[in-house]
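For the protein sequence lines, the chains are A and B, in the order given.
Counting from 1391, one number per residue, gives the positions in the first sequence under the numbering used here.
Counting from 2, one number per residue, gives the positions in the second sequence under the numbering used here.
Don't be surprised by glycine CBs; every beta carbon is placed ideally from N, CA and C.
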Amino acid sequence: MAIERVRMAELPADERSRNFEEVNLGLSADQALDEARRCLQCKNRACVAGCPVGVSIPEFIDALANDDLPRSVQILRGDNALPAVCGRVCPQETQCEALCVRGIKGEAVAIGFLERYVADWAMHHPDRLLRDQAPAATGKSVAVVGCGPAGLTAAGELARQGHAVTIFEALHDTGGVLRYGIPEFRLPKEIIDQEVAILSDLGVTIECNVIIGKTLTIKELQNEFDAVFIANGAGLPTMLGIAGENLKGVYAANEFLTRVNLMEAGRREDSSTPIIKRREVAVIGGGNTAMDCVRTARRLGAERAMIVYRRSETEMPARVEEIKHAKEEGVEFVMLTAPTAILGTEDGWVSALRCQKMELGPPDDSGRRRPQPLAGSDFDLPAGVVINAVGTSANPLLTGSAPDLDLNKWGNIVINEQGETSIPGVFAGGDIVRGGATVILAMGDGKRAAAAIGDYLKRK
Amino acid sequence: MFEVLSNELLAENLHKMVVSAPRVARARKPGQFVMIRLAQGEERIPLTIGDADAEAGTITLFIQAIGASTRRIVDTKAGAFIRDVAGPLGKETHITNWGRVVCVGGGVGTAVLYPLVKALAQAGNQITTIIGGRSSQYIILADELAALSDTLLITTEDASLGTKGFVTGPLAEMLADPLRVPQAVFAVGPVPMMKAVAELTRKQGIETIVSLNPIMIDGTGMCGGCRVQVGSEIKFACVDGPEFDAHLVDFDGLNDRLTSYRKEEAVCRSAAECKIGREVAK
């Protein structure tokens, strides 16, 4: 009889919706072993093809199944610079697990859970880890712009190749979107600290408070380093283009999340950064960022925390798990609804979101059914805080200072198949190339670019 | 870590701090600002770079202590450190030789005005600088500005120094005088002052530039907190500004957004041992 896919324990919804503790509690040793033994060890490794960083999935699971955790860690970390992060925030259900042979007749192996288990075990057992031989120093240096998932991944790979790597980060702390964007209840900050510490042990230098394009230019980096990797992330919010966006109580997702995650507003008694809290909070959008905002609003005390989305739940880009968790925590889903204006009080505070009901028409360019307004369906949704989570545009700070850098019409950096930009020796990846995407796609970019940079430095 | 090299009290609650920040000092242009965070757990505050010495690797900051966070910053003694200084941010001031220029400064805005006056003087402009405050003790940098300007005019609301009244008084006189009317006006100060200046120069269509200081979190083109309505567009002060065409800025909207955290500020001021604070560093 087939063993069923493991279920991970979670904090009860009514408890967790009032705090910022991590929701998913991880697997026990027995659970992890049983789950690892569900892996069929397929010869064609379909799952690996679904992983943007190409983790040797059957191999790390095999070592785990044989109770050889140190070996499992070595395999996993060899392929993935941030396994404890990926084990938590990757959409495995549409990547590795979607291709798992077990999934054809039953449920896929819980690859993400196992990745998290192995990575967490490594953090708690530093004395049991196998030491990789330190690579011979190549004498070459690489500057990495941005300390988010793409930059950290590239830095790890390049350090393992023996290059001297310096990461320049614009904010005062490491992690990029992992720290300012993803809430603690999905990704505890100590996990980021530990993953960053592993890179520091590899010899990677991190300099915070350096804004490339402002503090230093790309040209200056080229003079000082043998190659450059740009991964400075996403930029300014895309505005909704409706009336009332400048009312008090209207946040862009990045501001709301940065206040709470990076600056600890509303989470620590003595945080010196404030946040506006209201009983009714409406979050516009249907992606993971929207889910992060609405679940954060709920934890800050909102009685009605609402997702307002113009299509239906099936079209939502957010992970199924995030939607499920949000619902369990009491988040309301106001579907097929588009905002047409933000209404305010006389003294300039948000009071409601004026909305229009939508219906789904034929598919559009994205392949999803296009929402169309239903005439005469206007209604007002009371809200004291409105959060715009519809997306971001390219950050102009770096690109604006480097006229030789080719950009596309949205301001994103153009790269070739090797990840190289129009400036020789300068590579790029992550959101500054893709626009808004996921952590793992950014990491995939970082890994590919690191390989290309390695080749470039050999030729140089 | 960034060492505070000197910390001098210029006027009530107004400090001049020289901070070691070699990279910022080297890259900085007039009109730009830094984000500073005193220590772990403190908020990020935007401050205009008042002056810089690339060779010495230092920047000068003028800081008005009006709330808990800025008070803690100005309490930092020479020899102590500021944890984070990031910049220079924002666009540099467009400096050219306009001919006759009027520079208007109100309160701590006078400190923001100082690097502009310096750059405008270097570009060969004929400068009249008008600075104002509630009372003589709020008038700062008068000697420094007088040295750079052809004419320095001072106004105070209580007539304790210079002419009684507001900075708009002498400006209106100049606008009415064909021999003294300027080709460009720069104004930095409280929002109502900048609005009043914009209204005065609008009719004659005199190019008027204001430097805005809206609420900012990251300051690096990410959060969108510093958005301002400029004409038909929403602009972001951290990447598109901080200087804008005064005739296009929605000052009322800006002023209103600056009150977003007034309640928290009040809590902060009333508490003896203030821990929760937010101020608009203005």
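Between the CA atoms of residue j and residue i - distance to the nearest angstrom
i	j	result
A/M1478	A/F1503	Here residue 1478 of chain A is Arg; the residue named in the question, Met, does not match the sequence. If you take the alpha carbons of A/R1478 and A/F1503, they lie about 8 Å apart.
B/G110	B/P191	7 Å
B/K236	A/G1825	20 Å
A/E1597	A/A1642	27 Å
B/V5	A/A1841	43 Å
A/P1761	A/M1653	37 Å
A/N1602	A/A1560	Here residue 1602 of chain A is Ile; the residue named in the question, Asn, does not match the sequence. Taking the straight line joining both Cα atoms gives about 7 Å.
A/A1784	A/A1540	16 Å
A/P1481	B/I83	40 Å
A/L1847	A/G1834	20 Å
A/Q1584	A/L1542	12 Å
A/L1630	A/N1778	7 Å
A/E1776	A/A1687	A small fix is needed here, since residue 1776 of chain A is Val in this sequence, not Glu. Going from the Cα of A/V1776 to the Cα of A/A1687 covers about 10 Å.
B/M223	A/K1433	45 Å
A/V1600	B/G88	7 Å
A/D1332	A/V1710	Chain A is shown only over 1391 to 1850; residue 1332 of chain A falls outside these bounds and no answer can be derived.
A/V1443	B/E56	45 Å
A/R1408	A/V1438	38 Å
A/G1691	A/R1576	18 Å
A/S1436	A/Q1612	One point to set straight first is that residue 1436 of chain A is Ala, not Ser, in the sequence displayed. The alpha-carbon atoms of A/A1436 and A/Q1612 are separated by roughly 40 Å.
A/A1500	A/G1468	20 Å
A/I1557	B/D178	57 Å
For residue i: DSSP bridge partner residues
i	result
B/A53	B/I60
A/H1515	In DSSP, A/H1515 forms no bridge with anything.
A/M1629	DSSP output for A/M1629 lists no bridge partner at all.
B/G106	B/I132, B/V189
B/H16	B/L10, B/I64
A/W1739	A/K1638
A/I1813	Bridge partners of A/I1813: none, in fact.
A/M1696	A/A1672, A/E1722
Buried or exposed by the 16-neighbour rule on C-beta atoms within 10 Å, applied to residue i
i	result
A/I1454	Checking the sequence shown, residue 1454 of chain A turns out to be Leu, not Ile. A/L1454 should be labelled buried.
A/E1405	exposed
A/E1635	buried
A/H1562	buried
A/Q1431	exposed
A/T1484	exposed
B/L15	buried
A/N1678	buried
A/N1622	buried
B/M2	exposed
A/N1651	buried
B/D253	exposed
B/A273	Here the model assigns B/A273 a pLDDT of 35, short of 50, so the residue's position is not dependable and the matter cannot be decided.
A/I1393	exposed
B/R228	buried
B/L10	exposed
B/A148	exposed
B/R263	exposed
A/E1449	buried
A/I1494	exposed
B/L48	buried
A/A1792	buried
Beta-carbon separation (whole angstroms), residue i vs residue j, contact threshold 8 Å
i	j	result
B/D159	B/Y115	About 24 Å separates the two Cβ atoms, so there is no contact after all.
B/Q184	B/G100	5 Å
A/V1917	A/V1684	Residue numbering for chain A in the displayed model covers 1391 to 1850; residue 1917 of chain A lies beyond these limits and cannot be assessed.
A/K1799	A/E1547	Wrong, their Cβ atoms sit about 31 Å apart, outside the cutoff.
B/V198	B/V118	Contact flag wrong, Cβ pair sits at about 15 Å.
A/A1544	A/L1589	Going by Cβ atoms, the distance from A/A1544 to A/L1589 rounds to 10 Å, so no, they are not a contact pair.
A/R1395	A/E1505	Rounded, the Cβ-Cβ distance is 15 Å, inconsistent with contact.
B/V189	B/V240	No, B/V189 and B/V240 are not in contact; Cβ-Cβ is about 19 Å, not under 8 Å.
A/G1801	A/T1789	6 Å
Heavy atom of the ligand NAP within 8 Å of residue i beta-carbon
i	result
A/G1826	No copy of the ligand NAP occurs in the structure displayed, which carries no ligand at all.
Does the structure place the stretch 153 to 169 of chain B close enough to the stretch 65 to 77 of chain B that three or more beta carbon pairs sit under 8 Å? They do not touch, by the three-pair rule.
Contact the stretch 1605 to 1620 of chain A vs the stretch 1817 to 1831 of chain A: 3+ CB pairs below 8 Å: Touching, per the Cβ criterion.
The stretch 117 to 130 of chain B / the stretch 247 to 259 of chain B touching (three or more Cβ pairs under 8 Å): Flag = no, the stretch 117 to 130 of chain B and the stretch 247 to 259 of chain B do not touch.
I want to know whether the stretch 1525 to 1541 of chain A touches the stretch 1455 to 1465 of chain A - three or more CB-CB distances under 8 Å. Touching, no.
Determine, using beta-carbon pairs with one atom in the stretch 1692 to 1701 of chain A and one in the stretch 1467 to 1483 of chain A, whether at least three such pairs fall under 8 Å. Not touching, per the Cβ criterion.
If contact is defined by three or more beta carbon pairs under 8 Å, each pair taking one atom from either stretch, is the stretch 1741 to 1753 of chain A in contact with the stretch 1708 to 1723 of chain A? Segments in contact, no.
I want to know whether the stretch 81 to 98 of chain B touches the stretch 1565 to 1582 of chain A - three or more CB-CB distances under 8 Å. In short, these stretches do not touch, since the Cβ pair count stays below three.
Is the stretch 1547 to 1561 of chain A touching the stretch 1515 to 1531 of chain A in the sense that three or more CB pairs, one from each, lie closer than 8 Å? Yes, since at least three Cβ pairs between the stretch 1515 to 1531 of chain A and the stretch 1547 to 1561 of chain A fall closer than 8 Å, the two stretches touch.
Touch check for the stretch 243 to 253 of chain B and the stretch 201 to 215 of chain B: three-plus C-beta pairs under 8 Å? Yes, the stretch 243 to 253 of chain B touches the stretch 201 to 215 of chain B.
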